[in-house]
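J.: Encoded as structure tokens, here's the structure I'll be asking about.
Protein chains: 2
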Amino acid sequence: MKSFENVRGMRDFLPDDLTKRKFVEGRVRDCFRSYGYEEVETPVIEYLDLLSARAGEEIRHRMFAFKDLGGRNVALRPEMTASIARVIATKLRLEAKPLRIGYIANCFRYDNPQMGRYREFWQAGFELFGSRSLEADAEIITVNNDLMKRLGFSDFFIKIGDVRILRGLLGSERINESDQSAIMGLVDKRKIKSVISFLEERKVSNDCLKTVKKILNLKGTDYQRIVNEARKILTQSEASLKALNDLETVINLAQLSGVETPFLLDVGFARGLEYYTGMIYEIFVSDLGIALGGGGRYDGLVELFGGEHTPAVGCAPGIDRIVLAMEKKNLFPASLGATDKVLVIPVSEALSAKALEITAILRSNGISAQNEVTGRSIGAALSYADKKGYSYTIIFGPRELEKNCVTIRFMKTKEQKEVLISEIADNIKHS
Amino acid sequence: MKSFENVRGMRDFLPDDLTKRKFVEGRVRDCFRSYGYEEVETPVIEYLDLLSARAGEEIRHRMFAFKDLGGRNVALRPEMTASIARVIATKLRLEAKPLRIGYIANCFRYDNPQMGRYREFWQAGFELFGSRSLEADAEIITVNNDLMKRLGFSDFFIKIGDVRILRGLLGSERINESDQSAIMGLVDKRKIKSVISFLEERKVSNDCLKTVKKILNLKGTDYQRIVNEARKILTQSEASLKALNDLETVINLAQLSGVETPFLLDVGFARGLEYYTGMIYEIFVSDLGIALGGGGRYDGLVELFGGEHTPAVGCAPGIDRIVLAMEKKNLFPASLGATDKVLVIPVSEALSAKALEITAILRSNGISAQNEVTGRSIGAALSYADKKGYSYTIIFGPRELEKNCVTIRFMKTKEQKEVLISEIADNIKHS
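Each protein sequence line maps, in turn, to chains A and B. Residue 242 in the working numbering sits at position 241 of the first sequence, and the numbers go up by one each step. Residue 256 in the working numbering sits at position 255 of the second sequence, and the numbers go up by one each step.
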């Protein structure tokens with residue numbers, strides 16, 4: 002029956018999958034602690050208006066939007082930045098700044114499901130509010146870079162740009178903000194021809210057209226050379242030149258903070274979200290070709306949601322993609338999720354009361370212990386213990402109980418040993 | 002602007018709120034480990050049919066249901082048991098049984114918001130599949146009881162009953178299953194008069210009417226006396242008598258497993274969900290009057306979703322209500338969420354590069370360290386450090402740097418101390 006399957010694009014995390022995701026989340030929380038980001042959670046359901054305000058066309062049309070039973074136009078969050086900015090604009094309005102906020106959250110987009118892309122997906126985030134300094138930009142890159150290293154990635158690079166470079170150039174040709182956003186959207190999708198015809202329609206100068214074509218292809222890991230070339234091309238826009246200088250400084254500051262990862266400077270870089278106002282970046286594992294995270298500066302968002310003007314910069318590592326990349330690179334520890342467990346098996350159901358007592362003793366000693374609750378044969382129970390990865394079984398009948406004893410079976414070696422009930426815990430802990 | 006508020010019934014977890022919830026979740030996961038429950042996660046969005054199948058009228062009308070962009074009738078899960086049963090019926094169909102599954106998940110119901118009740122709320126769950134034994138029932142009660150103790154609750158009790166008692170009686174009067182479910186729903190809401198008129202319409206015997214009235218009011222903590230009285234009343238139904246015997250055994254087995262909590266046996270007990278087929282229970286903190294969790298046996302659900310016949314018993318501690326009760330009872334540790342953090346403050350922005358280096362050193366020593374990223378005065382930065390609960394600040398200017406030194410300020414005592422940069426970590430760790 003169809004209704005008893007997963008809805009298309011949705012997935013279950015079975016124990017092994019979940020253990021992997023929780024491992025990544027654990028490392029994210031280590032970074033929260035180390036860098037001083039305080040974790041918050043916001044609701045899955047928000048007003049559609051809030052989520053649409055600066056989401057960008059691409060995402061706006063892929064939201065799970067509906068009316069709730071009270072007739073409110075709501076949607077499931079497609080990303081977290083709008084919700085976090087709302088919290089900063091309202092409940093945390095009076096908090097001392099800078100304010101470092103972290104989150105780990107499921108988000109929802111009606112995308113075409115494909116390898117590693119689901120309609121419910123998990124993102125982490127680090128958001129730094131209240132600093133317009135370039136150290137703040139560098140900090141966000143540093144924490145994301147650190148997370149990658151803590152997860153075990155070695156061969157990755159950081160693609161970096163600044164939306165002010167292209168926007169500055171367009172602004173100097175009097176292209177308005179909304180047209181700028183449309184163009185940035187096309188650039189993000191690398192629809193270069195459409196960008197050019199859009200600009201031709203808007204009758205920009207030939208010089209400008211040439212400059213746009215050049216910077217859309219200007220990128221490289223030799224970032225100082227790229228900056229110098231871009232400076233020569235972008236003379237007509239003060240804003241673009243300022244952005245280039247800032248980018249160079251941010252990279253230097255990140256390096257001072259310990260980032261040894263190569264930077265790929267992409268002068269014509271754009272990202273799907275409309276709210277960015279400065280530096281933007283994405284982290285790529287060299288041979289995988291998908292971004293495992295990215296972020297940027299978004300100084301206008303908190304104000305847009307009714308807060309004070311609050312400069313902000315943040316990043317969103319993609320948990321699902323990280324898990325996928327770690328699987329491909331074999332980065333999960335071999336012993337991940339393994340616990341020593343004990344299965345307690347009485348030889349007859351008549352002894353199950355005693356089994357419950359023994360299990361309770363083991364648990365109170367901090368040992369993971371379960372009862373055989375089916376009444377099947379010892380052979381069947383032992384085969385179950387094998388399948389489920391039990392390290393120990395405890396077997397006993399009336400003969401053992403007379404002596405206050407049980408038999409411990411070490412499942413790997415198949416060795417057995419008779420011990421006093423009062424000494425089970427010691428035998429298991431020290432084996 | 003209204004759209005920038007929370008949608009009615011939704012809430013944000015600010016850092017302190019979230020720390021509390023995570024503390025409770027941590028204890029739940031301790032119980033997962035101790036009792037061998039493997040954690041899974043299922044999607045927030047499921048087919049409406051799946052979620053409606055056995056949810057009960059009450060919940061069915063309060064779901065967040067909508068069509069997705071592909072025209073599918075879906076809803077946000079109002080509880081987790083249906084989703085978990087779906088996973089058991091499909092992806093875990095071939096797993097060795099018994100299978101112990103745990104979850105911590107947000108669920109959604111369009112209820113009237115009130116103290117401690119939100120439209121997005123958090124539930125944990127322990128579900129034991131593949132055992133029809135009474136030890137399994139006892140295990141579920143034991144783990145829930147143990148969770149309460151690990152959280153620090155002392156004065157609570159377990160209200161217990163069995164749906165087969167009332168259903169058995171109704172069945173012996175040839176009331177069909179669907180009418181039985183309607184009656185159980187009325188009993189759950191304690192609409193006793195409606196129960197009686199429903200039965201009168203169905204023309205049940207006067208004896209039966211009398212019996213129903215009696216058992217709907219038969220309850221007490223002296224559970225052996227209650228069982229004996231109920232036995233005298235329920236002679237006409239074998240099923241009811243069997244259920245009473247089983248209840249007595251389950252209570253005894255739970256006590257053997259270490260449960261010392263009083264049991265309130267409620268012979269006329271019903272719960273809102275339709276899928277229960279045997280023992281049901283709820284845990285109450287004595288002076289708060291709200292259930293902090295509950296559960297029961299539901300042997301038919303996996304089969305209903307296309308799986309093999311799989312006996313099942315489970316419980317769902319309510320995370321939100323537990324947090325609320327712990328706040329009222331002052332059960333959270335005083336130091337919850339406290340970390341020793343260091344704020345690094347250069348006397349001028351020109352030294353911020355050096356500050357980044359120092360912070361990086363501290364982090365690589367496992368210390369939570371942040372940079373002052375605003376360029377404000379030292380006085381302002383110190384006042385910020387106070388507000389945000391920093392344990393230490395590190396201050397330095399050109400004079401200190403010449404000697405490779407910084408000043409550590411211990412924020413609580415306001416003491417200061419000049420130390421070598423290479424010795425900061427040691428001074429902080431050992432202070």
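Note that beta-carbon positions come from the ideal geometry of N, C-alpha and C, so glycine has one too.
#1: Could you pull the start and end residues of the beta strand (DSSP E) that R61/B belongs to?
#2: Let me see if you follow: with CB-CB separation under 8 Å, is K388/A close to chain B or not?
#3: Just the Cα atoms here: how many angstroms apart are L19/B and A54/A?
#4: Quick one: grab the DSSP three-state call for P99/A.
#5: So who's on the other strand from S369/A, going by DSSP bridges?
#6: Pick out the complete beta strand (DSSP E) segments inside the region 184 to 268 of chain B, 3 residues or longer, and give them in chain order.
#7: Within 8 Å, do at least three Cβ pairs link the region 165 to 184 of chain B to the region 33 to 43 of chain B?
#8: In the structure shown, what three-state DSSP assignment does L274/A receive?
#9: Roughly how many angstroms separate the alpha carbons of V420/A and R101/A, rounded to a whole number?
#10: For the region 11 to 30 of chain A, which residues have a beta carbon sitting closer than 7 Å to at least one beta carbon of chain B?
#11: Between V286/B and F154/B, is the Cβ-Cβ spacing less than 8 Å?
#12: So what's E416/B in DSSP terms, helix, strand or just coil?
#13: Is there a Cβ of chain A sitting closer than 8 Å to that of N146/B, yes or no?
#14: Please classify Q225/B: is it buried, with 16 or more other beta-carbons within 10 angstroms of its beta-carbon, or exposed?
#15: From the DSSP output, read off the bridge partner residues of D454/B.
#16: Please confirm whether Y48/A and N74/A have their CB atoms less than 8 Å apart.
#17: Taking the straight line between their C-alpha atoms, what separation do you get for N113/B and R322/B?
#18: From which residue to which residue does the alpha helix (DSSP H) around K330/A run?
#19: With distances taken from CA atoms, which of F67/B, R364/B, V303/B is nearest D427/B?
#20: Provide the residue span of the alpha helix (DSSP H) that contains A351/B, from first to last.
#21: Does the structure place the region 129 to 147 of chain B close enough to the region 239 to 254 of chain B that three or more beta carbon pairs sit under 8 Å?
#22: Measuring CB atoms only, is the region 266 to 277 of chain B touching the region 186 to 197 of chain B, in the sense that at least three cross pairs come out at less than 8 Å?
#23: Looking at the C-beta of P44/A, does it have a partner C-beta in chain B at a distance below 8 Å?
#24: First and last residue of the alpha helix (DSSP H) that includes T20/B?
#25: Return no unless some Cβ of chain B is closer than 8 Å to the Cβ of M2/A.
#26: Determine which residues of the region 362 to 382 of chain B have a Cβ less than 7 Å from any Cβ of chain A, and write them out in chain order.
#27: By Cβ distance below 8 Å, which residues in the same chain neighbour M2/B in space, the five residues on each side in sequence not counted?
#28: Alpha carbons only, please: which of I227/B, T375/B, A292/B, V314/B is nearest the one belonging to G117/B?
#29: Taking the DSSP output, what are the residues bridged to L421/B?
#30: Please name the residues in the region 300 to 317 of chain A whose beta-carbon is closer than 7 Å to at least one beta-carbon of chain B, in chain order.
#31: Just mark K342/B as buried or exposed, buried being the case when its beta carbon has 16 or more other beta carbons within 10 Å.
#32: Work out the CA separation of I409/A and I425/A for me, nearest whole Å.
#33: Does the separation of the CB atoms of I346/B and I422/B fall below 8 Å?
#34: Consult DSSP for E47/B and reduce its assignment to one of helix, strand or coil.
#35: Determine the burial state of D156/B: buried for a count of at least 16 other Cβ atoms within 10 Å of its Cβ, exposed for fewer.
#36: Please classify L383/A as buried or exposed, where buried requires at least 16 other C-beta atoms within 10 Å of its C-beta.
T.: On the basis of the data shown:
#1: As a position in the second sequence, residue 61/B is number 60, starting the count at 1. It is not in any beta strand (DSSP E) - R61/B instead sits in the alpha helix (DSSP H) that spans 58 to 61.
#2: Stepping through the first sequence from its first residue, residue 388/A is reached at position 387. Yes - at least one Cβ of chain B is within 8 Å of the one on K388/A.
#3: As a working mapping, residue 19/B is identified with position 18 in the second sequence. As a working mapping, residue 54/A is identified with position 53 in the first sequence. If I take the Cα positions, the gap works out to 27 Å.
#4: The sequence position of residue 99/A within the first sequence is 98, counting from 1. DSSP places P99/A in coil when its eight states are reduced to three.
#5: Reading the first sequence from its first residue, position 368 is the one you call residue 369/A. Looking at the DSSP assignment, S369/A forms a beta bridge with K342/A.
#6: 264 to 267
#7: no
#8: In the first sequence, residue 274/A corresponds to position 273, counting from 1. Coil at L274/A, not helix or strand.
#9: Here the question's residue 420/A lines up with position 419 in the first sequence. Here the question's residue 101/A lines up with position 100 in the first sequence. In a straight line, the C-alpha of V420/A is about 54 Å away from that of R101/A.
#10: M11, R12, D13, F14, L15, P16, L19
#11: Counting from one through the second sequence, the residue named residue 286/B turns up at place 285. Counting from one through the second sequence, the residue named residue 154/B turns up at place 153. Taking 8 Å as the Cβ cut-off, V286/B and F154/B qualify as a contacting pair.
#12: The sequence position of residue 416/B within the second sequence is 415, counting from 1. Three-state DSSP puts E416/B in a strand.
#13: Here residue 146/B refers to the residue found at position 145 when the second sequence is read from its first residue. By this cut-off, N146/B is not an interface position.
#14: On the second sequence, position 224 is the one that residue 225/B refers to. Q225/B should be labelled exposed.
#15: Residue 454/B falls outside the range modelled here, since chain B spans only 2 to 432, and no answer is possible.
#16: Reading the first sequence from its first residue, position 47 is the one you call residue 48/A. Reading the first sequence from its first residue, position 73 is the one you call residue 74/A. A contact, by the Cβ cut-off of 8 Å.
#17: As a first step, residue 113/B must be located in the second sequence, where it is residue number 112. As a first step, residue 322/B must be located in the second sequence, where it is residue number 321. In a straight line, the C-alpha of N113/B is about 15 Å away from that of R322/B.
#18: The residue you call residue 330/A lines up with position 329 of the first sequence. Neither: K330/A is in no alpha helix (DSSP H) and is coded neither H nor E.
#19: The count along the second sequence starts at 1 and reaches residue 427/B at position 426. Considering only alpha carbons, the answer is R364/B.
#20: Residue 351/B sits at position 350 when you count from the first residue of the second sequence. That residue, A351/B, is in no alpha helix (DSSP H); it is neither H nor E in DSSP.
#21: yes
#22: yes
#23: As a working note, residue 44/A is residue 43 in the first sequence. It does: the Cβ of P44/A has a partner Cβ on chain B nearer than 8 Å.
#24: Looking up residue 20/B in the second sequence gives position 19. Residues 16 to 36.
#25: The count along the first sequence starts at 1 and reaches residue 2/A at position 1. Confidence at M2/A is low in this model, with a pLDDT of 48, below 50, so the placement of that residue should be treated as unreliable; the coordinate-derived value is given next. M2/A counts as touching chain B.
#26: R364, S369, Q371, N372, V374, T375, G376
#27: Within the second sequence, numbered from 1, the residue matching residue 2/B stands at position 1. Because the pLDDT at M2/B is just 48, under 50, the model does not fix this residue reliably, and the value given afterwards should be weighed accordingly. Closer than 8 Å at the Cβ level, and outside the excluded window around M2/B, lies no residue.
#28: Locating residue 117/B in the second sequence gives position 116, counting from the first residue. Of I227/B, T375/B, A292/B, V314/B, the residue nearest in Cα terms is A292/B.
#29: Counting from 1 along the second sequence, the entry for residue 421/B is found at position 420. For L421/B, which the question treats as bridged, DSSP gives the partners C406/B.
#30: F306, G307
#31: Against the second sequence, residue 342/B aligns to sequence position 341. Per the 10 Å Cβ criterion, buried.
#32: In the first sequence, counting from the first residue as 1, residue 425/A sits at position 424. In the first sequence, counting from the first residue as 1, residue 409/A sits at position 408. In a straight line, the C-alpha of I425/A is about 8 Å away from that of I409/A.
#33: Within the second sequence, residue 346/B is the residue found at index 345, counting from 1. Within the second sequence, residue 422/B is the residue found at index 421, counting from 1. Result no, Cβ atoms of I346/B and I422/B do not sit closer than 8 Å.
#34: For the purposes of this step, residue 47/B is taken as residue 46 along the second sequence, with counting starting at 1. Strand.
#35: As a first step, residue 156/B must be located in the second sequence, where it is residue number 155. D156/B is exposed by the Cβ-count criterion.
#36: To locate residue 383/A, count along the first sequence from 1; it is residue 382. L383/A is buried by the Cβ-count criterion.
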